[in-house]
Each structure stands twice: as structure tokens, then as C-alpha cells.
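Chemist: Here it is: the structure, laid out below.
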Amino acid sequence: MKFFQPPKWQDQRPNHDPQPQPHLLPSPHLMASRPSGSSVRYHRSKSAVQEGPNNSQLDLQLSISVRPAKPSSSDHYVFGNPNTSEFDALNPKAAGRVESLKWQAAEQIRLAAMEKAYAERVRELTRREMELAQSEFARARHVWERAREEVEKAERMKEKAMLQMDSTCMEITCQSCRQRFRP
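Everything in the sequence shown is counted per the UniProt record's numbering, starting at 1 for the first residue and increasing by one.
This is the structure in C-alpha cells:
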């Protein structure tokens, strides 16, 4: 069996009009006969309940309360102007909530500023480390190139020494001795 779920209504009056509109007020006899539990109620007639779930005819009545709805403990927003004396007179705990919200907002702003400063410091340190790494890489490349040049120079000297050795070996007339000096 499916149950009818009524929509959740919210007070949509503008903040500048603290008094409800006279044409929206329920009649006095409805105010006295209505239970004081909630601000919006839906009633089904007995005939609609007895007809069963297959019948789509519903007899609903909507009654609107003039009382302000009590905020639940899970509400995080305060509507209205907290600087007015009417606000303080209607809800004395609201001033404490407003101060608490202001403190929380200031704390969040302070934490965000600290995080921003920390992120900026980390960014600066990272930039410096990258510059150091780039300079070390350039220095290592320069050392590697110098070492390669030294190896090439040593190979050229080796070749030159081999040629000189060959010419010295040629001066030796003995064939067996020449074979011994040849690499």
C-alpha cells in the first residue's frame, strides 16, 4: 500500500513584512479546532480512506498556521535580520546562535587564510627546489660533457701512442722482435 507524502512547505514571506497577510489568515473557528502540533496538516476524509488505495479520489484539506515554525536542532541557517530588536524578542536563543555562527565563520576564514599562507609557502619552497634541481642538472650535464671530452682526448692520445709505437717497432729490424712489440 502506498502512502501519500505531502510536500514540505517553508515560510516564504519576505523579511521586510513581519506581519502575515490578512487574507492568508485562517478563520478563527479553524484556529481553535486545529491541533497545535505542526504548521501544515493534511486531512483525508473517512470515505476516501475506506474506498481503498485503488480509488484516486482524495479529499484533502490544507490548514495553514500563523505561528512561526520552531527550528529543529539540525537547522544551520537563521532567517531574518539579526540586528532588529524584534528578532531578539521572538527568539532569545537566536542571538547566541548568530554569535556562534559569526564565530564559526570567523574561525573558518582564519583557517582558510592560514591554509592559503601555508600553500603559498609550499609553492615558494617547491619553486626554489625546482630551480636548485635545474641548476644541479645543468651542472651534472656540464660535468658529463667534460668527462666525455676527457675520454675522447684520452682515446686520441692512445691512438697517437699506438702510431708512435708502430713507428718505433718498424725501426727494430728483427722480425721476431717486431712481432713481440706489436699489440
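Note that the Cβ used here is the ideal one computed from N, Cα and C, for glycine as well.
All figures in this text were calculated on a predicted structure; none of them were measured in a lab.
Give the straight-line distance between the Cα atoms of K153 and F137, rounded to the nearest whole angstrom.
Modeler: Numbered from 1 along the sequence shown, position 153 holds the residue referred to as residue 153. Numbered from 1 along the sequence shown, position 137 holds the residue referred to as residue 137. Cα to Cα, K153 sits roughly 24 Å from F137.
Chemist: Have a look at E126 and A105 and give me their C-alpha separation to the nearest angstrom.
Modeler: By one-based count along the sequence shown, residue 126 stands at place 126. By one-based count along the sequence shown, residue 105 stands at place 105. Contrary to the premise, residue 126 reads as Thr rather than Glu in this sequence. The alpha-carbon atoms of T126 and A105 are separated by roughly 31 Å.
Chemist: Taking just the CA atoms, how far does W103 sit from A117?
Modeler: Position 117 of the sequence shown, counted from the first residue, corresponds to residue 117. Position 103 of the sequence shown, counted from the first residue, corresponds to residue 103. About 21 Å.
Chemist: State the Cα-Cα distance for the pair E150 and V143, rounded to the nearest angstrom.
Modeler: Stepping through the sequence shown from its first residue, residue 150 is reached at position 150. Stepping through the sequence shown from its first residue, residue 143 is reached at position 143. Their Cα atoms are separated by approximately 10 Å.
Chemist: Going along the chain, which unbroken runs of the alpha helix (DSSP H) with 4 or more residues stay wholly within the stretch 127-173?
Modeler: Taking only runs of at least 4 residues, no alpha helix (DSSP H) segment lies wholly in the stretch 127-173.
Chemist: For E120 and R139, what's the separation of their Cα atoms in angstroms?
Modeler: In the sequence shown, counting from the first residue as 1, residue 120 sits at position 120. In the sequence shown, counting from the first residue as 1, residue 139 sits at position 139. Roughly 29 Å between the two C-alpha positions.
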